[in-house]
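Chains as they are written, first to last, in the working numbering: chain A, 17 to 121; chain B, 38 to 221.
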């Protein structure tokens, strides 16, 4: 069986399948009507809903992370201020000696 | 505005419907070929594909012929539909412990001749890409270039699938006595 020959034979069988399919193809109007009636509740619309849901979840996650980062930052600034306040108010126990009248010079 | 925008605007629903109707038989054949392992899905696939086209979820940009573009939409829809079907079967089998996969056999197709039934079975046993290219070239009379566009592969790759598919089907034809009349 050469190439041209086999192509011709395959073509003949495929034509047979095509004729068979032609007989059982549902009418266009039936499919189009079913498409239209399915439009309101179709799963084709569903991906949009899923996309919206996914986007909302990601947005919420980002907002949560951002909020906790801000809180953490605020907390660390407050802590730093407290530390500096403690340092500035700190007095050495020997400070009194510097003011003593009879301190050796 | 760009070309795709003007093409979309130009194609209103009635024109889209007209185009879909024009290619309806070919589209059904292609949908059935895309669902070779579950032919009962072909109508659902076609319905969903038409819905995508008519509602503008899939937009024709005029870069290829309408038929080539539509076949691409049908192919993607069939992939989605079959994935959904497998998930459904997987869930059922994990719930019940027994797989309920429906595999077509000759007994399911009493309306078909034994020969075409056998040929469909043989075709369904080819790797997916080979099935697709054989269908597009021999059934739909498309060029390899158009077939490669629909399948989303390069022309070289489509040619390789075509040659491999052809030689496997040829081997099957040579072995089976059902196809004797084609040897003349």
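For glycine and all other residues, C-beta sits at the position ideal for the given N, C-alpha and C.
Computed from a predicted structure; not experimentally measured.
Classification of residue i by the beta-carbon crowding that lies within 10 angstroms, buried from 16 upward
i, result
"residue 198 of chain B", "buried"
"residue 99 of chain A", "exposed"
"residue 34 of chain B", "The requested residue 34 of chain B is not part of the displayed model; chain B covers only 38 to 221."
"residue 95 of chain A", "exposed"
"residue 137 of chain B", "Because the pLDDT of residue 137 of chain B is 40, which lies under 50, any placement of that residue in the model is unreliable, and the number read from its coordinates should be weighed accordingly. Counting Cβ neighbours within 10 Å, residue 137 of chain B comes out exposed, since fewer than 16 surround it."
"residue 49 of chain A", "exposed"
"residue 80 of chain A", "exposed"
"residue 65 of chain A", "exposed"
"residue 101 of chain A", "exposed"
"residue 206 of chain B", "buried"
"residue 114 of chain A", "exposed"
"residue 159 of chain B", "buried"
Own chain partners of residue i with C-beta closer than 6 angstroms, once the 5 adjacent residues on each side are dropped
i, result
"residue 115 of chain B", "71, 72 and 82"
"residue 222 of chain B", "Not covered by the structure: residue 222 of chain B. The range shown for chain B is 38 to 221."
"residue 166 of chain B", "198"
"residue 224 of chain B", "Outside the shown range of chain B, which is 38 to 221, sits residue 224 of chain B, and nothing can be said about it."
Separation of residue j from residue i, as counted between CA atoms
i, j, result
"residue 36 of chain A", "residue 94 of chain B", "32 angstroms"
"residue 70 of chain A", "residue 77 of chain A", "11 angstroms"
"residue 89 of chain A", "residue 85 of chain B", "51 angstroms"
"residue 97 of chain A", "residue 106 of chain A", "14 angstroms"
"residue 41 of chain A", "residue 66 of chain B", "8 angstroms"
"residue 116 of chain A", "residue 110 of chain A", "11 angstroms"
"residue 112 of chain A", "residue 118 of chain A", "12 angstroms"
"residue 89 of chain B", "residue 50 of chain B", "12 angstroms"
"residue 168 of chain B", "residue 67 of chain A", "33 angstroms"
"residue 209 of chain B", "residue 25 of chain A", "12 angstroms"
"residue 22 of chain A", "residue 75 of chain A", "59 angstroms"
"residue 104 of chain A", "residue 92 of chain A", "18 angstroms"
Neighbourhood of residue i by C-beta, 8 angstroms cutoff - its chain only, sequence neighbours within 5 removed
i, result
"residue 60 of chain B", "103, 104 and 107"
"residue 118 of chain B", "72, 78, 81, 82 and 85"
Minimum Cβ-Cβ distance from residue i to chain A less than 7 angstroms
i, result
"residue 84 of chain B", "yes"
"residue 141 of chain B", "With a pLDDT of 43 at residue 141 of chain B, under the threshold of 50, the modelled position of that residue is not reliable, and the figure given next carries that caveat. It does not: the Cβ of residue 141 of chain B has no partner Cβ on chain A nearer than 7 angstroms."
"residue 88 of chain B", "yes"
"residue 61 of chain B", "yes"
"residue 175 of chain B", "yes"
"residue 156 of chain B", "yes"
"residue 99 of chain B", "no"
"residue 58 of chain B", "yes"
"residue 208 of chain B", "no"
"residue 153 of chain B", "yes"
"residue 199 of chain B", "no"
"residue 93 of chain B", "no"
"residue 109 of chain B", "no"
"residue 189 of chain B", "no"
Selection from the options that minimises the alpha carbon distance to residue i
i, options, result
"residue 58 of chain B", "A:115, A:73 and A:43", "A:43"
"residue 52 of chain B", "B:126, B:155 and B:92", "B:92"
"residue 64 of chain B", "B:125, B:89 and B:112", "B:112"
"residue 31 of chain A", "B:159, B:175, B:185 and B:76", "B:175"
"residue 190 of chain B", "B:109, B:204, B:209 and B:208", "B:109"
"residue 87 of chain B", "A:25, A:109, A:87 and A:51", "A:51"
"residue 122 of chain B", "B:79, B:182, B:183 and B:200", "B:79"
"residue 213 of chain B", "B:66, B:153, B:180 and B:185", "B:153"
"residue 34 of chain A", "B:170, B:50 and B:178", "B:178"
"residue 162 of chain B", "B:124, B:201 and B:126", "B:201"
"residue 38 of chain A", "B:68, B:54, B:55 and B:56", "B:68"
"residue 54 of chain B", "A:22, A:47 and A:24", "A:47"
"residue 164 of chain B", "B:99, B:211 and B:204", "B:204"
"residue 97 of chain B", "B:167, B:151 and B:56", "B:56"
Proximity test, Cβ basis, 7 angstroms: residue i and chain B
i, result
"residue 37 of chain A", "yes"
"residue 33 of chain A", "yes"
"residue 53 of chain A", "no"
"residue 68 of chain A", "no"
"residue 65 of chain A", "no"
"residue 41 of chain A", "yes"
"residue 73 of chain A", "no"
"residue 84 of chain A", "no"
"residue 78 of chain A", "no"
"residue 92 of chain A", "no"
Residues near residue i by beta carbon distance below 7 angstroms, same chain, minus five either side
i, result
"residue 187 of chain B", "105, 108, 109, 112 and 173"
"residue 182 of chain B", "192"
"residue 170 of chain B", "184, 188, 195, 198, 199 and 202"
"residue 101 of chain B", "186"
"residue 82 of chain A", "none"
Residue i CB to nearest heavy atom of the ligand COA below 6 angstroms
i, result
"residue 78 of chain B", "What this structure holds is no ligand at all, so the ligand COA is not there to describe."
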